Structures are given as C-alpha cells and as structure tokens.
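Have a look at the structure below, then the notes.
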C-alpha cells in the first residue's frame with residue numbers, strides 16, 4: 001500500500017496535476033468567499049471545465065475545488081460576519097469578534113492552520129483505515145441518523161449564553177421556520193401561505209446571511225465609527241497563550257469532523273456546531289466564547305476540513321456520496337466513466353492513489369495559498385467604514401440573488417437582517433436558531449423514513465443498539481443541562 | 001428632471017428595454033439558458049442533463065446552466081418551472097411518470113396541471129430495475145415475490161421517491177402477484193438507496209438501470225429483473241420481468257426536456273433543434289453509454305403522444321397507491 005501511495009505521489013507531483021490542484025484550490029476558495037454560491041453549485045458549474053481533462057486530472061481539480069471552498073467561507077465570516085456558506089456560520093461568532101478587536105489576521109491564520117491539520121489527519125486516516133471505517137459508518141441508518149440529529153439539537157444548551165430560556169426559544173423558532181415548505185414525505189405544502197417561493201423552504205443561506213451579515217451592518221450603522229483597531233503585523237500571529245489553547249481545539253475539532261465525515265448525509269454544518277459546543281463545554285473559561293475566543297475559530301475550522309476530507313472515504317471506498325457537493329463529484333466521476341466503489345481500488349489503483357496523493361498536496365497548497373494572503377485580507381478592514389459597509393451590503397445582495405436567481409431570496413435576507421438586528425438588541429442568541437433550522441428537516445425526514453421502515457412501529461428507535469445509545473446520550477445531555485438550571489430555579493420560583 | 005440630458009437618457013433606456021423585449025424571439029438565446037433538474041445533483045437525470053447541456057450550449061452559443069431544485073419527489077422543481085416566464089430561458093426536465101403522479105395526487109395540491117409544460121424532446125428511457133445486495137437471500141424475482149407472499153408487509157422495499165416510477169412499479173408487481181405485499185420505504189434518490197441497502201437498513205430497491213448498471217455488472221449488486229420487454233445492454237445478465245414470469249410489469253422512467261406553457265413556437269423549435277443535435281452528437285452518445293443511460297430521442301408528435309399515454313397509465317396506479325391499506 002505504501003508503494004501505491006509513493007507511486008501516487010510521483011504521478012500527482014507532475015506539473016499538470018499540480019497545476020490542476022492549484023487552480024482547484026484557488027477557484028474553490030473564491031467560491032467559498034462568494035456568499036450564496038455554495039460549494040455544490042460552484043463545483044457543478046465547473047464540471048464542464050474538466051471535460052477537456054483526463055479523468056484523473058478532472059477529479060483532482062474538482063476535489064481541490066471542494067475542500068478549497070470549505071476554507072473560503074471562513075474569510076467573509078471573520079471579516080464581515082457574513083457566512084460564505086453553511087459550514088462557516090459558527091465561525092462568525094468568535095471569528096468576527098476577533099476581527100473587531102483587530103485580530104482578523106490571527107483568526108484567519110489559525111483557521112488556515114486548523115483546516116490544514118484537519119485535512120491532513122483525515123487524509124492520513126483515509127490511507128490507513130478507510131475500508132473498515134467506511135463499513136462501520138454504514139451502520140448508520142435512518143433511525144441512527146434521527147438519534148444523532150436529535151442529540152445535536154440537545155447540545156444547543158451548550159450554545160446558550162446567559163439565558164437558557166432564550167436559547168431554547170430560538171431553537172424552537174428555528175425548528176418552526178424549518179417546517180415551511182413542501183412536506184418532505186407526503187408532498188403537501190406547509191406554512192407556505194400559497195407563496196410558491198416558499199415551497200422550497202425559507203432558503204437557509206439567505207436567512208443566515210441576513211441574520212448575521214445584514215444585522216451586523218444595521219448595528220454598525222448606529223454605532224460610532226472607528227471601532228476597528230489597527231493591528232500591527234506582529235499580532236497577525238497568535239500569542240503563545242492562544243497557541244496553547246488552540247492545539248487542543250484543533251485536535252478535538254479534527255476528531256469530531258472526521259468521525260462525522262464518515263457518516264453519509266450529515267452535512268458540513270453539524271460538525272462545526274458540535275466542535276464549537278464541545279470546546280465551550282470543555283473550556284475552563286466558557287464566558288470567553290462569543291467574545292473572540294480563539295478556540296471558537298480553531299475548532300470549527302479544523303472540524304469542517306476534517307469533515308470534507310473524511311467524507312471522501314465513504315465516497316471512494318463504497319461509492320456513497322455524503323453530501324450534495326460530493327454527489328456532484330460523483331456525477332463528474334460517472335461522466336468520466338469511473339464508478340467509485342470497492343472495486344475502484346482494485347481496478348484503477350493508479351487513479352485512486354494519485355487522487356489521494358493530490359489530497360495531501362492540495363491541503364499543503366491551501367495552506368501555502370492562504371496564509372500569506374491573510375495579511376492582505378485583514379487589511380480590507382482598514383477601509384473607511386462607510387464604504388466597507390456599503391460594499392458588504394452590495395456583496396450580500398448579489399450573493400443572495402445568485403442563490404436561485406430570485407429576488408425573493410434578497411427580501412428574505414433583508415427581512416432576516418432586520419429580525420436579526422432586533423434579536424441582537426434583545427440579546428437573543430442567533431446560533432440556536434440556525435441549529436434548529438438546519439436540524440429540523442433532517443430530524444423529521446429521518447424519523448418518518450424510520451417509521452416507514454418499521455411500518456409505524458416506534459420500537460425501532462429502542463431496539464437498535466446504536467440508535468438507543470445516541471438517544472440515551474441525548475437524554476443525558478438534556479438532564480445535565482436541566483440539573484445545571486436547577487439551583488437557579490429553586491432559588492427563584494419564577495423563571 | 002430639469003436637465004434635458006437626463007430626460008433623454010431615461011427615454012433611451014426605456015426604448016432599449018422595450019427593444020430588448022421584442023428582440024428576444026429573434027436572437028434567442030441572448031443570455032444563458034437554465035436547464036432545471038428536479039432531483040439532487042449526481043443522480044441519473046442530473047448526469048444526463050450535464051452531458052447534454054455542455055454540448056448544447058456550444059450549439060446555442062450561450063451557456064446552458066443546470067439548476068437543481070430537488071424536493072418532494074420532484075414537485076418543488078416542477079412547481080418552480082410552471083411559474084417561470086415562458087420565454088425559453090428556463091426549461092427543465094420532466095420525468096415521466098413522476099411528473100404525472102405529482103399532478104394526479106390530490107394530496108400533493110400541485111398548483112400545475114400536466115398541460116403546464118410543453119414537451120420539447122425526450123432524452124433517456126431508463127427501464128426499471130429491481131436490485132439487491134450481492135449477498136441477499138433473493139436470487140431471482142420469484143424468490144422475492146414468494147417471500148413477500150409468505151410474510152406480507154415485512155420486506156423493506158425502497159423507492160427513490162413517493163409516487164415515483166419505482167413506487168408504481170412495486171404496485172404493478174403486487175398486482176401481477178396477488179398476495180405479495182411489500183413494506184414500502186420512500187428514500188430520496190438513488191444514492192440514498194445505495195447507502196441504505198449497503199447498510200442493510202432496507203432489503204430490496206426498485207430503481208432504474210442507469211443508476212446502478214456499473215455496480216450490477218461488477219457484481220457488487222445483484223439485479224433481479226429489468227422491467228422492460230427486452231434485456232438491457234447495460235446489464236445483459238439480468239432477466240426481464242417477462243422471463244421472470246411477470247410480463248405485465250413494464251416500468252420505466254423517461255427524462256425529457258420541456259418548457260413552460262406559452263413559450264413561443266420559434267423559441268421551442270430552436271431549442272428542439274439544438275438539443276436534438278446535441279443528443280445525436282457522438283460525444284453525448286458515448287458519455288451516456290458510459291453512464292449506463294439508454295438514449296431514446298423522441299420529438300414532436302411521438303413525444304406528445306407518449307406524454308399523454310403515460311399520464312393515463314399513471315392515473316390508474318396513482319389511485320391505487322392512494323387507496324392502498326399499507327401506505
């Protein structure tokens with residue numbers, strides 16, 4: 001196997017394939033930076049570009065675009081509080097706060113490093129243990145999925161700031177918003193009020209762009225100008241103290257991202273939320289989170305690149321796409337006459353190992369590409385504030401429109417911008433709303449599919465060991481949160 | 001506005017806009033055309049769309065962008081297409097009989113009828129395929145049917161969507177084999193079926209040849225029957241339903257391109273010509289072959305007739321699906 005890897009490297013290091021990886025990383029980062037244009041759509045658009053390339057080259061480029069996009073979204077999250085795509089939402093919370101303290105460069109730098117570590121570890125694991133791990137992950141059927149997503153929802157208590165009630169309220173609001181649209185199993189419209197634009201749901205990206213980005217602009221419009229501190233070059237690197245704290249965050253984030261990447265269908269945003277919440281819970285000083293804690297950037301960023309690379313494992317070894325973007329990749333494979341799956345390793349070892357080698361190379365390229373640019377990006381914040389705000393607004397409007405070429409998404413974004421502004425004034429946390437919005441459909445779909453599998457018998461959730469285990473874990477998390485609340489409830493009878 | 005220059009500018013802009021609207025039919029396309037696929041990316045409709053779009057855009061001279069609008073078995077995408085302006089810049093795939101069943105199911109409250117779309121050209125006719133994991137106890141279609149009769153409503157049978165051609169095919173099989181009852185599980189798309197079958201969470205899948213042909217050929221999966229009068233060249237070792245003893249079970253999914261009703265005839269003709277040329281292009285034929293998708297180009301009256309006939313057949317099975325005791 002080592003011999004295969006070595007020959008894979010030899011092939012991947014040829015100028016042509018190196019160039020494809022470089023182009024892919026660059027395009028991917030750009031796609032990630034542009035809000036609205038998600039990695040799935042971006043990758044799909046670029047497929048015809050690869051028709052002229054040989055299959056190996058095409059796959060190298062498309063894969064590079066894929067994990068490049070994972071990094072790109074971070075840039076706008078940190079700089080202007082606009083999530084470039086779903087996976088970058090949670091980075092906004094601490095990342096943007098760091099930028100306001102003049103530490104944008106540090107945030108972006110640690111994100112680049114965390115992404116690199118996450119990606120490398122996941123790729124090494126791909127080489128060493130891919131097939132058995134992938135088979136293990138297959139045991140996640142719809143009931144297990146349901147339990148896992150429910151567990152994720154229960155973790156929302158970890159996102160609560162001072163008020164648990166506020167966090168829960170926002171979660172429920174998120175779940176409610178997730179109900180809008182066509183019922184995923186029977187097909188009847190819900191809460192759409194006969195507005196066809198709502199049949200597809202409320203448009204997640206437009207909502208988060210509004211909640212985070214537009215609300216930020218509205219808040220800035222009323223705050224005095226000149227808040228952003230000018231940063232000296234030396235503070236572009238994390239302090240020793242911050243390095244120390246980041247190491248643990250990066251390792252844990254990588255672990256979480258990797259584990260979840262193996263399970264097809266999870267989606268990039270879940271590992272980032274879980275990594276963030278885990279860091280916050282494990283920290284001795286959780287109050288720093290939300291105010292510019294470096295772990296709040298390091299953990300999710302490592303998680304999302306580890307996830308992106310790990311998601312290639314079920315894809316390459318079993319031919320199962322984990323996410324819409326990978327499904328697009330699979331389409332590209334098929335068009336090029338390659339069927340990913342267990343036989344691919346045997347039939348085309350040259351192709352597979354070259355592609356795997358290029359994953360390593362791509363991660364290095366990403367780091368080399370983005371670290372030096374960090375200083376440049378950070379300087380963007382030194383633009384005169386009014387122009388910066390106007391630019392961001394334009395950027396967001398174009399991005400929202402580009403989602404589905406519909407002005408409706410722009411209205412949604414603006415509406416949620418105002419709503420987000422109000423929520424932030426009222427000190428209501430936004431992250432739980434996003435969590436509810438994301439997990440709601442996943443929970444509902446997997447529950448209903450599970451019940452179809454069992455012909456309506458609810459015991460399916462309790463007779464499968466993995467599912468039961470996750471449900472117990474979810475209950476434990478809830479119990480733990482309730483216990484923490486208990487002292488204050490007992491002291492003050494009215495909550 | 002006080003300054004005459006400003007007024008002239010406004011007037012000129014208005015004239016240009018009007019001229020642009022009139023010029024549309026003649027110099028179509030003057031901007032990119034969107035080709036909608038009502039399913040998630042990576043599926044067989046999507047693959048076919050991307051191949052034809054890449055070639056057709058060269059013929060049309062403007063980009064043809066594939067847009068995925070998945071959800072509710074395709075209803076989300078078709079609802080969207082029915083509302084689009086009929087100017088030729090938004091066309092999309094209709095998947096028969098899926099589109100028919102969405103219209104026919106009253107619970108779906110579809111806001112469009114089957115006449116909301118004007119068929120342009122059919123691309124693929126993908127026969128239905130029943131498949132299982134290679135280590136499954138069912139070696140033939142008869143094994144499966146016998147098991148379904150012995151233990152009704154226990155065999156977890158996956159479709160790619162509610163009231164999809166796969167769903168109707170299961171009902172056809174139940175009709176041809178009275179006493180056999182399958183426990184139907186609706187998944188979203190072929191990739192989900194692959195995942196759940198490989199993980200052992202469902203027992204058998206009804207899908208189409210194009211989705212899994214390479215894997216059946218390689219032996220990773222086992223095809224039980226092809227629901228077509230003839231064997232498929234992509235899975236030559238899989239018997240037809242006729243050979244397996246159930247000749248009435250004929251099911252397929254056709255993927256064709258249609259435009260919203262009201263699209264001007266000249267625009268439709270241009271699209272038909274460009275798409276047909278693209279589909280007959282050797283690169284298209286070769287790539288579709290590699291992907292396991294059987295081409296069946298139909299245009300004009302042939303396609304329109306097929307469209308109407310499929311609708312009538314779908315009506316029968318949709319009504320049955322709604323009245324079935326086990327949903």
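Protein chains in written order, with my numbering: chain Z, 1 to 495; chain V, 1 to 327.
The beta carbon of each residue, even a glycine, is placed where N, CA and C say it ideally should be.
Quantities reported herein were computed from a predicted structural model and do not represent experimental measurements.
DSSP three-state call for residue i: helix, strand or coil?
i                      : result
residue 187 of chain V : coil
residue 234 of chain Z : Reliability fails at residue 234 of chain Z, whose pLDDT of 46 lies under 50, so the model's placement of it is uncertain and the value that follows must be treated cautiously. Three-state result, residue 234 of chain Z: helix.
residue 211 of chain V : helix
residue 178 of chain V : coil
residue 158 of chain V : strand
residue 179 of chain Z : coil
residue 140 of chain V : coil
residue 92 of chain V  : strand
residue 193 of chain V : helix
residue 122 of chain V : strand
residue 43 of chain V  : coil
residue 66 of chain V  : strand
residue 262 of chain Z : coil
residue 128 of chain V : strand
residue 315 of chain V : helix
residue 495 of chain Z : Its pLDDT being 48, under 50, residue 495 of chain Z is placed unreliably by the model, and nothing is read from it.
residue 153 of chain Z : helix
residue 280 of chain Z : helix
residue 111 of chain V : coil
Among the options, which one has its Cα closest to the Cα of residue i?
i                      : options                       : result
residue 82 of chain V  : V:260, V:301 and V:137        : V:260
residue 383 of chain Z : Z:35, Z:418, Z:26 and Z:80    : Z:80
residue 142 of chain V : V:176, V:158 and V:163        : V:176
residue 192 of chain V : V:165, V:159, V:180 and V:222 : V:159
residue 209 of chain Z : Z:483, Z:355, Z:179 and Z:87  : Z:87
residue 221 of chain Z : Z:443, Z:403, Z:433 and Z:393 : Z:393
residue 314 of chain V : V:101, V:35, V:86 and V:46    : V:101
residue 342 of chain Z : Z:398, Z:411, Z:134 and Z:163 : Z:134
residue 43 of chain V  : V:211, V:237, V:218 and V:308 : V:211
residue 356 of chain Z : Z:464, Z:367, Z:315 and Z:320 : Z:315
residue 246 of chain V : V:173, V:35 and V:287         : V:173
residue 283 of chain V : V:89, V:51 and V:38           : V:51
residue 409 of chain Z : Z:206, Z:18 and Z:434         : Z:206
residue 286 of chain Z : Z:35, Z:7 and Z:94            : Z:94
residue 175 of chain Z : Z:480, Z:435, Z:463 and Z:462 : Z:435
residue 320 of chain Z : V:94, V:199, V:80 and V:206   : V:199
Using the beta-carbon of each residue, which ones in chain Z are nearer than 7 angstroms to residue i?
i                      : result
residue 319 of chain V : Those do not exist, as residue 319 of chain V stays about 16 angstroms from chain Z at its closest Cβ, beyond 7 angstroms.
residue 156 of chain V : 453
residue 160 of chain V : Going along chain Z, no residue has its Cβ under 7 angstroms from residue 160 of chain V, so there is no contact; the nearest lies around 13 angstroms.
Cβ closer than 9 angstroms: which chain V residues qualify as neighbours of residue i?
i                      : result
residue 295 of chain Z : Within chain V, no residue comes near residue 295 of chain Z; the closest Cβ sits about 34 angstroms away, beyond 9 angstroms.
Using a Cβ cut-off of 8 angstroms, pull out every chain Z residue sitting near residue i, in sequence order please.
i                      : result
residue 199 of chain V : 138, 139, 140 and 141
residue 202 of chain V : 453
List the residues of chain V whose Cβ lies closer than 8 angstroms to the Cβ of residue i, in chain order.
i                      : result
residue 339 of chain Z : 214, 215 and 218
residue 320 of chain Z : 191, 194, 195 and 198
residue 342 of chain Z : 220
residue 449 of chain Z : 185, 186 and 187
Could you tell me which chain V residues have their CB closer than 7 angstroms to the CB of residue i, listed as they occur along the chain?
i                      : result
residue 47 of chain Z  : 50
residue 517 of chain Z : The structure shown does not extend to residue 517 of chain Z, since chain Z is modelled only from 1 through 495, so no value can be given for it.
residue 264 of chain Z : 195
Please list, in chain order, the chain Z residues whose beta carbon lies closer than 9 angstroms to that of residue i.
i                      : result
residue 153 of chain V : 455
Three or more C-beta pairs below 8 angstroms linking the segment 419 to 430 of chain Z and the segment 238 to 251 of chain Z: Touching, no.
Entirely enclosed alpha helix (DSSP H) segments - the segment 217 to 263 of chain V, minimum 4 residues = Runs found: 241 to 244.
#### Entry: Contiguous alpha helix (DSSP H) assignments of at least 4 residues, all confined to the segment 343 to 397 of chain Z
The alpha helix (DSSP H) runs lying completely inside the segment 343 to 397 of chain Z and spanning 4 residues or more are 349 to 380, given in chain order.
Item checked: the segment 109 to 124 of chain V contacting the segment 248 to 256 of chain V, beta-carbon criterion three pairs below 8 angstroms -> Segments in contact, yes.
The segment 344 to 353 of chain Z / the segment 219 to 238 of chain V touching (three or more Cβ pairs under 8 angstroms) = No, the segment 344 to 353 of chain Z does not touch the segment 219 to 238 of chain V.
Whether or not the segment 264 to 284 of chain Z and the segment 246 to 254 of chain Z are in contact is what I'm after, with contact meaning three or more pairs of Cβ atoms, one per stretch, closer than 8 angstroms; do they touch?
Yes, they touch.
- Item | Three-pair Cβ contact test at 8 angstroms for the segment 407 to 416 of chain Z versus the segment 143 to 157 of chain Z | Result no; under three Cβ-Cβ pairs closer than 8 angstroms.
So, does the segment 351 to 369 of chain Z touch the segment 105 to 122 of chain Z, judging by three or more C-beta pairs under 8 angstroms?
Two segments are said to touch when three or more pairs of C-beta atoms, one from each, lie closer than 8 angstroms; by this definition the segment 351 to 369 of chain Z touches the segment 105 to 122 of chain Z.
I'd like the ranges of any alpha helix (DSSP H) spanning at least 4 consecutive residues and lying wholly in the segment 48 to 116 of chain Z. Restricted to the segment 48 to 116 of chain Z, the alpha helix (DSSP H) segments that are unbroken, complete and at least 4 residues in length are 55 to 80 and 89 to 100, listed in chain order.
*asked:* Across the segment 53 to 72 of chain Z and the segment 20 to 36 of chain Z, are there enough close Cβ pairs to call them in contact, namely three or more that are closer than 8 angstroms?
replied: They touch, by the three-pair rule.
How about the segment 287 to 296 of chain Z and the segment 3 to 23 of chain Z: do they share at least three Cβ pairs that are nearer than 8 angstroms? Touching, no, given that fewer than three Cβ pairs across the two stretches are closer than 8 angstroms.
For the structure I just gave you, are there three or more beta carbon pairs, one from the segment 97 to 109 of chain Z and one from the segment 48 to 65 of chain Z, closer than 8 angstroms? No contact exists between the segment 97 to 109 of chain Z and the segment 48 to 65 of chain Z.
*Ranges of the alpha helix (DSSP H) found wholly within the segment 3 to 33 of chain Z, counting only runs of at least 4*: Complete alpha helix (DSSP H) runs here, min 4: 15 to 33.
- request: Mind listing, in chain order, the continuous beta strand (DSSP E) runs of no fewer than 3 residues lying wholly within the segment 299 to 342 of chain Z?
  value: Runs found: none.
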